[in-house]
Amino acid sequence: MNKKALNWAELGFQYVKTDYRFTAFHENGEWGEGQLVSDENISIHEGAPSLHYAQQCFEGMKAQTAEDGRVLLFRPKLNCERMNRTAPRLLMPEVPEALFLNAIEETVRANYAWIPPYGSGASLYIRPMLIGVGENLGLNPAPEYEFRVFVSPVGPYYKEAGLAVISLAVSEIDRAAPNGTGSFKAGANYAGGLLATRKAKELGANEALYLDAAEHRYIDEAGSANIIIASKDGKLLTPASNAILPSITRRSIMELAAKSLNMETEERPIDLRAEFANFDEAGACGTAAVLSPVGKIWFDDDWHNIYQDGQTVGPIMQKLYDLLVGIQKGEISDNFDWLHEIEI
Ligand SMILES: Cc1ncc(COP(=O)(O)O)c(C=O)c1O
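Under my numbering, the first residue of the sequence shown carries the number 79, and numbering increases by one thereafter.
Below you can see the structure in the form of structure tokens.
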């Protein structure tokens, strides 16, 4: 099967229309089997709760091509688990694991020509989404739901390819309240963050960094990635917070640090100002961000350097990146059983 003649190395993180998407409906309390369709447009009732009250959620994952041509997903069952944690929070029906995985496999397979080849630096981003459809003007859950999966070949999330150092700016706008929806992948969290991202970019940063909403002291997360810190006393730290999205990438990196690098790891509240001097390296991690080293952070009206300006990535982030990406691309043996191969 031939691949599309795309300039894979030039791709950014943007939507590219592919040939097929999968759609399934939940009606009268039951999921239909679903099917592949070619129309990228969704026809939706103007009174749908997903449009008015943000009764919708989504997931994000990637498929990669290994050197031997295998098409690999990374821990997709955890994305299903997370969607099924978010759905009941928003009074939406759970998506059965078999439907979730089948939808992803069928969509990836049908769009084989769009899966970036091994070594191109690009991957196939997969976006599962669950939306409340049908009419309900009152503030009540939708009568019906659509589960849809589409894919798009993507390059690096931040402009610079590979392991370029990024910067973050602490946001004065909060992302999520302590007992709000921050730990769920609800689209509403992201609408509220658009302004924070814009302000961070105006300051010259790649992304916003959120501190906890109650005290503005502890690191929560970046706009679309969790945070990890390599401390000067040799530990890998990551914030404990019930307002951040539990990142599958972070969970994997923490495990790699502990088991493959024998590092001591700690998930605990991290006071940005009090502990900054103990930061040796920092990184933003997620499906889209992969592991992007953080070189400097803007807070209290100034830039605070972690890496000296222009410095390339430090050794811990480099090792963690190599391990993570090596497993995801099938280059390093998958001792953790994290890969899920799609039969083409
Ligand atoms: C707010 C937020 N935090 C963290 C992450 C990282 O999560 P994951 O590693 O599961 O992609 C994402 C998504 O990529 C996100 O949107």
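We put the beta carbon where it would ideally sit given N, CA and C, even for glycine.
Since the structure is predicted, the reported quantities are computational estimates derived from the model, not experimental observations.
Residues that DSSP places opposite E431 in a beta bridge: A query on residue 431 cannot be resolved here, the shown segment of the chain reaching from 79 to 422 and no further.
contact_flag[the region 186 to 198, the region 167 to 178] where n(CB pairs < 8 angstroms) is 3 or more: no
Bounding residues of the alpha helix (DSSP H) (the contiguous stretch that carries E175): What you label residue 175 is simply residue 97 of the sequence shown in a count that begins at 1. Per DSSP, E175 belongs to the alpha helix (DSSP H) from E175 to A188.
Nearest residue (CA-CA) to I182, options E159, I209 and L151: Here residue 182 is taken as the residue at index 104 of the sequence shown, counted from 1. Checked all of E159, I209 and L151; the closest Cα to I182 is L151.
Meets three-Cβ-pair contact criterion under 8 angstroms: the region 359 to 370 and the region 298 to 311: yes
A255 beta carbon less than 9 angstroms from that of E285: Start at 1 with the first residue of the sequence shown, and residue 285 comes out as number 207. Start at 1 with the first residue of the sequence shown, and residue 255 comes out as number 177. Cβ distance not < 9 angstroms, so E285 and A255 don't count as in contact.
Candidates K81, H123 and V211, of which the one nearest N106 by Cα: Residue 106 sits at position 28 when you count from the first residue of the sequence shown. Nearest of K81, H123 and V211 to N106, Cα basis: V211.
Option in G404, L177 and S230 with minimal Cα separation from T96: Here residue 96 is taken as the residue at index 18 of the sequence shown, counted from 1. It is S230 whose Cα lies nearest to the Cα of T96.
Check whether D378 and R351 have beta carbons under 9 angstroms apart: Locating residue 378 in the sequence shown gives position 300, where the first residue counts as 1. Locating residue 351 in the sequence shown gives position 273, where the first residue counts as 1. Contact flag set, yes.
heavy atom of ligand 1 below 8 angstroms from G301 C-beta: As a first step, residue 301 is located in the sequence shown; it is residue number 223 there, counting from the start. Yes; taking the cut-off as 8 angstroms, the Cβ of G301 has a heavy atom of ligand 1 nearer than that.
Any chain C beta carbon closer than 9 angstroms to G210: Looking at the structure shown, chain C is missing, and only one protein chain is on hand.
Every unbroken alpha helix (DSSP H) within the region 299 to 344, with a cutoff of 4 residues, ordered by chain: 326 to 337
A242 and W86 closer than 9 angstroms at C-beta: Residue numbering aside, residue 242 sits at position 164 when the sequence shown is read from its first letter. Residue numbering aside, residue 86 sits at position 8 when the sequence shown is read from its first letter. Not a contact, by the Cβ cut-off of 9 angstroms.
Best match in W416, G408 and L217 for proximity to T143 [C-alpha to C-alpha]: Here residue 143 corresponds to residue number 65 of the sequence shown, with the count starting at 1. Selected option, being the one with the closest Cα: G408.
Beta bridge counterpart(s) of M139 as assigned by DSSP: Residue mapping note: residue 139 aligns to position 61 of the sequence shown, counting from 1. BP columns for M139 point to I204.
With 16 other Cβ atoms within 10 Å as the buried cut-off, status of R226: As a working mapping, residue 226 is identified with position 148 in the sequence shown. So R226 ends up on the buried side.
Identity of the residue in L177, V372, R329 and S116 nearest F103 by Cα: Working through the sequence shown from its first residue, we reach residue 103 at position 25. The residue with the shortest Cα to Cα distance from F103 is L177.
Inter-residue spacing [alpha-carbon to alpha-carbon] between V368 and R153: Your numbering for residue 368 matches position 290 in the sequence shown. Your numbering for residue 153 matches position 75 in the sequence shown. For V368 and R153, the distance between alpha carbons rounds to 14 angstroms.
Through-space distance from H123 to M332, alpha-carbon basis: Working through the sequence shown from its first residue, we reach residue 332 at position 254. Working through the sequence shown from its first residue, we reach residue 123 at position 45. C-alpha separation (whole angstroms): 43 angstroms.
Where A165 falls: helix, strand or coil (DSSP): As a first step, residue 165 must be located in the sequence shown, where it is residue number 87. Reduced to three states, the DSSP call for A165 is helix.
V149 in three-state terms, based on DSSP: The residue you call residue 149 lines up with position 71 of the sequence shown. V149 falls in the strand class under three-state DSSP.
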